[in-house]
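Engineer: Protein chains in written order, with this note's numbering: chain A, 65 to 145; chain B, 65 to 145; chain C, 82 to 222; chain D, 82 to 222. Where a beta carbon is used, it is the ideal one built from N, C-alpha and C, also for glycine. Just so we're clear, the structure is a prediction, and the values are computed from it rather than from any experiment. Take a look at the following structure, please.
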């Protein structure tokens with residue numbers, strides 16, 4: 065498995081026009097690399113400062129390490145409850 | 065109506081052996097007067113400091129005024145809920 | 082609404098019927114905070130087999146009405162529901178329910194806590210327990 | 082116990098069945114603190130006719146399990162019940178239930194408040210409203 069499983073939720077999912085994308089792990093070291101790769105294909109994204117990140121379903125920072133097989137998610141501030 | 069309606073609750077009721085007593089309002093000016101009058105007929109009362117008082121169903125102090133027609137109650141610390 | 086009950090009751094069913102008695106509330110509240118107190122079978126070092134709850138009829142209702150009104154003045158809430166048992170209780174019996182509905186959770190929580198705390202420290206109720214070691218009046222902890 | 086539901090539910094009936102599923106609890110707890118959140122028909126200036134709740138399957142359950150465990154480590158409580166809706170909701174529909182049983186009321190209140198606060202600020206749910214002015218993603222207040 066040499067890919068990274070990327071998920072998008074809520075308005076970020078809408079802007080990407082999809083909820084999931086698999087990317088090649090080649091050249092990916094941290095979350096920010098993943099964001100740059102997927103954002104390249106998408107205009108009109110919210111500022112990175114307003115984007116929350118999870119790696120393998122745990123909150124993570126933009127500079128958190130990522131490797132092949134990881135699941136990375138991008139989403140806006142949560143509004144449950 | 066020249067009487068005062070005195071109520072006792074919980075262990076104080078048990079020590080008095082009754083839940084209610086009417087006393088003559090003559091000579092009664094404050095709660096402490098009521099207490100002295102009823103306690104006269106009863107040994108083994110708890111120290112006054114541990115007795116709570118209500119006059120007309122509102123919490124009151126031992127020196128609160130009392131007159132004919134009033135309802136006065138003596139009870140221990142409450143334990144509801 | 083304040084109710085004193087001499088018989089066992091189902092707290093969750095009472096809460097549900099209170100909301101149903103107020104159909105105009107539907108969609109207006111976003112939060113309900115509830116406290117239910119019930120009788121434990123063990124207290125202050127002894128197994129409890131039965132409890133009787135004495136109260137001061139008249140003063141109890143007045144006090145609980147006043148505390149509910151105070152809560153509604155301090156926080157933006159709908160009319161609270163307060164139910165309290167008296168008389169003979171068995172372990173696991175519900176003793177008290179305080180339910181508060183509000184647009185927002187902070188108001189609901191604060192008002193609920195305020196009412197149960199005031200009730201516990203000021204409402205004229207007295208617990209008398211039957212324990213393995215005899216009977217006794219409960220003293221505040 | 083954490084449950085995510087795609088259909089409407091009765092919070093009070095769920096609380097009652099949770100306690101009944103745990104008959105060994107009877108008489109052991111003296112306090113239950115409960116929070117129920119439901120959908121208001123008005124939010125941030127607009128009438129709301131419908132809402133959909135998106136979530137992150139897998140992460141949501143993990144997060145709510147973790148928060149429940151943290152609460153049980155910090156306070157002396159029985160296993161909390163956490164239920165959260167997702168999918169399409171109508172005004173007045175219950176969204177979330179947090180119920181905590183304990184020997185004592187302070188632990189029950191604190192743990193209940195902790196869980197709902199953590200859920201609101203961290204659990205991966207997103208609300209999308211249909212309002213009189215169109216649809217919109219809800220932003221945190």
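#1: With a threshold of 9 Å between beta-carbons, can residue 184 (chain D) be considered close to chain A, or not?
#2: Counting only Cβ-Cβ distances shorter than 7 Å, please list the residues of the region 108 to 125 of chain C near chain B, keeping chain order.
#3: Which bits of chain A does residue 206 (chain D) rub up against, with CB to CB less than 8 Å?
#4: Taking the DSSP output, what are the residues bridged to residue 128 (chain C)?
#5: Going along chain D in order, which residues have a C-beta closer than 7 Å to the C-beta of residue 121 (chain A)?
#6: For residue 165 (chain D) and residue 158 (chain C), I'd like the C-alpha separation in whole angstroms.
#7: Following the continuous beta strand (DSSP E) through residue 212 (chain C), name the residue where it begins and the one where it ends.
#8: Tell me the DSSP bridge mates of residue 141 (chain C)?
#9: Mind pulling the chain D residues with CB within less than 9 Å of residue 118 (chain A)?
#10: Under 9 Å between beta-carbons, which chain C residues line up against residue 113 (chain B)? List them in chain order, please.
#11: By the three-class DSSP mapping on this structure, what secondary structure does residue 101 (chain C) have?
#12: What do you reckon, are the CB atoms on residue 82 (chain B) and residue 72 (chain B) nearer than 9 Å?
#13: For the region 123 to 139 of chain A and the region 79 to 99 of chain A, state whether three or more C-beta atom pairs, one from each stretch, are separated by less than 8 Å.
#14: Are residue 237 (chain D) and residue 178 (chain D) close, meaning C-beta to C-beta below 9 Å?
#15: For residue 196 (chain C) and residue 118 (chain C), which I take to be in contact (beta-carbon distance under 8 Å), what is that distance rounded to the nearest angstrom?
#16: Report yes if the C-beta distance between residue 186 (chain D) and residue 201 (chain C) is below 9 Å; otherwise report no.
#17: Residue 124 (chain B) CB to nearest chain C CB: under 9 Å?
#18: Nearest to residue 170 (chain C) by alpha carbon, out of C:133, C:216 and C:156?
#19: Within 10 Å of its beta-carbon, does residue 94 (chain D) have 16 or more other beta-carbons around it, so buried, or fewer, so exposed?
#20: Compare the C-alpha of residue 174 (chain D) against each of D:130, D:145 and D:84 and name the closest.
#21: What is the rounded straight-line gap between the Cα of residue 103 (chain C) and the Cα of residue 125 (chain C)?
#22: Taking CB distances under 9 Å as the criterion, tell me whether residue 139 (chain B) reaches chain C.
#23: Hey, residue 128 (chain C) and residue 122 (chain C) are a contact pair by Cβ (cut 8 Å); roughly how many whole angstroms apart?
#24: Under a three-way DSSP split, which group does residue 130 (chain B) fall into?
#25: Using a Cβ-Cβ cut-off of less than 9 Å, list which residues of the region 188 to 201 of chain C approach chain D; keep chain order.
Structural biologist: Taking the structure as given:
#1: Residue-level contact check: residue 184 (chain D) does not touch chain A, since none of the beta carbons of chain A fall below 9 Å from its beta carbon.
#2: The region 108 to 125 of chain C vs chain B, Cβ under 7 Å: 118.
#3: Within chain A, the residues near residue 206 (chain D) are 142, 143, 144 and 145.
#4: Answer by DSSP bridge pairing, in chain order: C:123.
#5: Here the neighbours are 139, 140 and 143.
#6: Going from the Cα of residue 165 (chain D) to the Cα of residue 158 (chain C) covers about 23 Å.
#7: Residues 206 to 212.
#8: According to DSSP, residue 141 (chain C) bridges with nothing at all.
#9: Those are 137, 140 and 205, listed as they occur along chain D.
#10: Chain-ordered listing is empty here: chain C has no CB closer than 9 Å to the CB of residue 113 (chain B), the nearest sitting near 14 Å.
#11: In the structure shown, residue 101 (chain C) falls within a helical segment according to DSSP collapsed to helix, strand and coil.
#12: Yes, they are a contact pair.
#13: Proximity of the region 123 to 139 of chain A to the region 79 to 99 of chain A meets the contact definition, three or more beta-carbon pairs being nearer than 8 Å.
#14: Here chain D comprises residues numbered 82 to 222, so residue 237 (chain D) is not present and cannot be evaluated.
#15: Incorrect: roughly 12 Å between the Cβ atoms, too far for contact.
#16: Going by C-beta atoms, residue 186 (chain D) is nearer than 9 Å to residue 201 (chain C).
#17: Not an interface residue.
#18: Comparing Cα-Cα distances from residue 170 (chain C) to each of C:133, C:216 and C:156, the minimum goes to C:133.
#19: It is exposed - the Cβ of residue 94 (chain D) has fewer than 16 other Cβ atoms within 10 Å.
#20: With distances taken between Cα atoms, residue 174 (chain D) lies closest to D:130.
#21: Straight-line Cα distance between these residues: approximately 40 Å.
#22: For residue 139 (chain B), the answer is yes, since a Cβ of chain C falls inside 9 Å of its Cβ.
#23: Their Cβ separation, rounded to whole angstroms, is 6 Å, which keeps residue 128 (chain C) and residue 122 (chain C) in contact under 8 Å.
#24: Residue 130 (chain B): coil per DSSP, three-state reduction.
#25: So the close ones are 189, 190, 193, 194, 197, 198 and 201.
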